[in-house]
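J.: Using this note's numbering, read the sequence shown as starting at 4 and increasing by one per residue. Glycine included, every Cβ here is placed at the ideal spot set by N, Cα and C.
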Amino acid sequence: MRTARLAEIAKTVGTPCYVYDAVQIRDAYATLDRAFDGYPHAIHYALKANSSLAIVRLLQSCGAHGDANSLGEVEVALRCGFRPDQIVFTGVGKSAAEIDRAVSLGLLAINVESPGELDRIDQRAIAHNLRARVALRVNPDIDARSHPHISTGLKSNKFGVPIGEALGLFREMASRRGLLPVGAHVHIGSQITTLDPLQKAAESVVALAQALRGEGIALQHLDMGGGLGISYDGSPVADPAAYVRALVAATRGSGLKVAIEPGRVLVGPAGVLLTKVVDVKHFDGAKSFVVVDAGMTELMRPALYNAYHRIDPLLRRPGAETVVDIVGPICESTDAYARDRAFPPVEVDDVIVVRDVGAYGAAMGHTYLRRPLPPEVLIDGDQWRVIRRRQTLDELLSLEE
Ligand SMILES: Cc1ncc(COP(=O)(O)O)c(C=O)c1O
């Protein structure tokens, strides 16, 4: 993203403000899509990464299908043009209302998380006189070697059913009047930077599908989940095309269609957060702080996972770097974007760019301290437009007595 363009956006729209690059998102989608090289597949964009309507519509227009993690995301996917039979729905604690709506919509697959949920889906489907397409989410007990807060494929995690129970549960699903088992699903975590765990997880569901075939239960797809990581700090990560090729290599023998649910890799690198310096604090013998007008309300990742983001001033002033903490304005000590970071000199009102925030940035935003949600801007070639305007305080308070 060009500096002059970002400066213009910061001036026109104000800070804090998210900015995304449409071309980068289209390219990331095309890279994954091309790498399948004709093998039957569907790329279900994981809306949880960024469900702003314009971003979801953009990926829909690229040919993506949808992956929803709540009923709200199912409804967003429908509003953005996805057909129900293009949406997979995952969620470790689906409410009765979520199950009822998912069943009546006829989604491509409801990913089943437990024997109890299997029962509840069956009952709702029978009540609607339907057969719900279901996939079983298996937990293969594979270490994704990611941050513990975003690892989901170990038996100590709450997600899915142990893979050893899967055969029995598939038999059960196949015997139910309200259920049609169509797939197996695995998602072992997010921000996974090596292929090995993803490949092992894929192999485990392929082996399961083959065992099921031997029992006369023929699946239609294998949903390998999302999870491919991006480089936040410049260190090498697995190549997206190599990732797809590894999944296809694992699956080809089965002939089954591969579904994936990428989020971060599609939108993460395509977003920046523009924020402004509101204070610079330095006392001899103490830490130095650059205080900016965005905090954990706009971008949770550093506070939540101690996540690293590259941060630079939009315009570099002359002078040596010093070591500072770059912190937000929220009254929580965890509200820091970077600690002990070498940083060029900045002054109040300088614009700062926080990089790689297109995924799990705006989507995790919240309004603690009554801070209205920030605007989002989409750059597309020579044009840019506001895709979400800044929330007003009146809007934020409008639900209340
Ligand atoms: C079930 C499921 N699918 C897909 C994703 C997307 O993951 P990522 O953004 O790492 O590709 C997630 C996120 O953790 C998820 O929980």
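So, for R374: in the same chain, excluding its five sequence neighbours on each side, which residues have a beta-carbon less than 6 Å away from its beta-carbon?
T.: Result list for R374: T300, in chain order.
J.: Once the 5 residues before and after V281 are set aside, which same chain residues still bring their CB inside 6 Å of it?
T.: Within the same chain, V281 has close Cβ partners V294, D296.
J.: From what residue to what residue does the alpha helix (DSSP H) around F173 run?
T.: Segment 169-178, the alpha helix (DSSP H) holding F173.
J.: Which ranges would you report for the alpha helix (DSSP H) in the region 83-133 if only whole runs of at least 4 residues count?
T.: Entirely contained in the region 83-133, the alpha helix (DSSP H) runs reaching 4 residues are, in chain order, 99-108, 118-130.
J.: Have a look at R8 and S107 and give me their C-alpha separation to the nearest angstrom.
T.: Taking the straight line from one Cα to the other gives about 46 Å.
J.: With 16 other CB atoms within 10 Å as the buried threshold, where does R319 fall?
T.: By the neighbour-count rule (16 or more Cβ atoms within 10 Å), R319 is not buried but exposed.
J.: Under the rule that 16 or more other beta-carbon atoms within 10 Å means buried, what is D30, buried or exposed?
T.: The residue is exposed, with fewer than 16 neighbouring Cβ atoms inside 10 Å.
J.: Which residues does DSSP pair with Q386 in a beta bridge?
T.: Per DSSP, D383.
J.: Going by beta carbon distance, what residues of the same chain come within less than 8 Å of P87, once the five residues before and after it are set aside?
T.: Answer for P87: L81, L108, G109, L110, L111, listed in chain order.
J.: Since S117 and V164 are thought to touch, with beta carbons under 8 Å apart, how far apart are those beta carbons, to the nearest angstrom?
T.: Yes, S117 and V164 are in contact; Cβ-Cβ is about 6 Å, under 8 Å.
J.: Given a cut-off of 8 Å, decide if L277 and C20 are closer than it, judged by their beta-carbon atoms.
T.: Going by C-beta atoms, C20 is nearer than 8 Å to L277.
J.: Give the straight-line distance between the Cα atoms of Y235 and A128, rounded to the nearest whole angstrom.
T.: If you take the alpha carbons of Y235 and A128, they lie about 44 Å apart.
J.: State the Cα-Cα distance for the pair P239 and L157, rounded to the nearest angstrom.
T.: Taking the straight line from one Cα to the other gives about 25 Å.
J.: Does DSSP classify S55 as helix, strand or coil?
T.: S55 falls in the coil class under three-state DSSP.
J.: Between E101 and ligand 1, is the CB less than 7 Å from at least one heavy atom?
T.: Flag unset: Cβ of E101 not near ligand 1.
J.: Could you work out which residue in N160, L182, Q194 is closest to V95 when comparing CA atoms only?
T.: Selected option, being the one with the closest Cα: N160.
J.: Report yes if the C-beta of H152 is less than 7 Å from at least one heavy atom of ligand 1; otherwise report no.
T.: No, the Cβ of H152 stays beyond 7 Å of every heavy atom of ligand 1.
J.: For D353 and K279, what's the separation of their Cα atoms in angstroms?
T.: Cα to Cα, the separation comes out at about 6 Å.
J.: Does the region 171-179 touch the region 189-199, meaning 3 or more C-beta pairs lie closer than 8 Å?
T.: The region 189-199 vs the region 171-179: no contact.
J.: Going by the beta-carbon positions, is the gap between L56 and I28 smaller than 8 Å?
T.: The answer is no: Cβ separation not under 8 Å.
J.: So N114 and F85 are supposed to be a Cβ contact under 8 Å. How far apart are they, rounded?
T.: Rounded, the Cβ-Cβ distance is 16 Å, inconsistent with contact.
J.: Which first and last residues belong to the beta strand (DSSP E) in which K260 is found?
T.: Looking at the DSSP string, the run of the beta strand (DSSP E) that includes K260 is 260-263.
J.: Expressed to the nearest angstrom, what Euclidean distance is found between the alpha-carbon atoms of T18 and D70?
T.: Cα to Cα, the separation comes out at about 31 Å.
J.: Rounded to whole angstroms, what is the Cα-Cα separation between G75 and Y371?
T.: Approximately 21 Å between the Cα atoms of the pair.
J.: Of all the beta strand (DSSP E) runs that stay within the bounds of the region 219-296, which reach a length of 3 or more residues?
T.: With a minimum length of 3 residues, the continuous beta strand (DSSP E) runs that stay inside the region 219-296 are 224-226, 260-263, 274-285, 291-295.
J.: Quick one: any contact between the region 347-361 and the region 379-395, if contact means 3 or more CB pairs under 8 Å?
T.: The region 347-361, when compared against the region 379-395, does not touch it at the 8 Å Cβ threshold.
J.: Alpha carbon to alpha carbon, what distance is there between R393 and I191?
T.: Cα-Cα distance, rounded: 35 Å.
J.: Can we count L231 as close to ligand 1, meaning its CB is less than 7 Å from some heavy atom?
T.: Checking the Cβ of L231 against ligand 1 gives yes.
J.: If we call anything under 8 Å between Cβ atoms a contact, is S193 one with R267?
T.: Contact: yes.
J.: Thinking C-beta only, is I195 closer than 8 Å to I46?
T.: No, Cβ-Cβ distance for I46 and I195 is not below 8 Å.
J.: Relative to the C-alpha of N309, which candidate in M4, P143, K51, S149 has its C-alpha closest?
T.: Considering only alpha carbons, the answer is S149.
J.: Roughly how many angstroms lie between the CA atoms of A212 and L259, to the nearest whole one?
T.: Going from the Cα of A212 to the Cα of L259 covers about 9 Å.
J.: For a quick check, are the C-beta atoms of Y340 and V356 less than 8 Å apart?
T.: Going by C-beta atoms, Y340 is not nearer than 8 Å to V356.
J.: Cβ-heavy atom distance between E264 and ligand 1 below 7 Å?
T.: Within the cutoff, so yes.
J.: With DSSP as the reference, label V22 as helix, strand or coil.
T.: If DSSP states are grouped into helix, strand and coil, V22 belongs with the strands.
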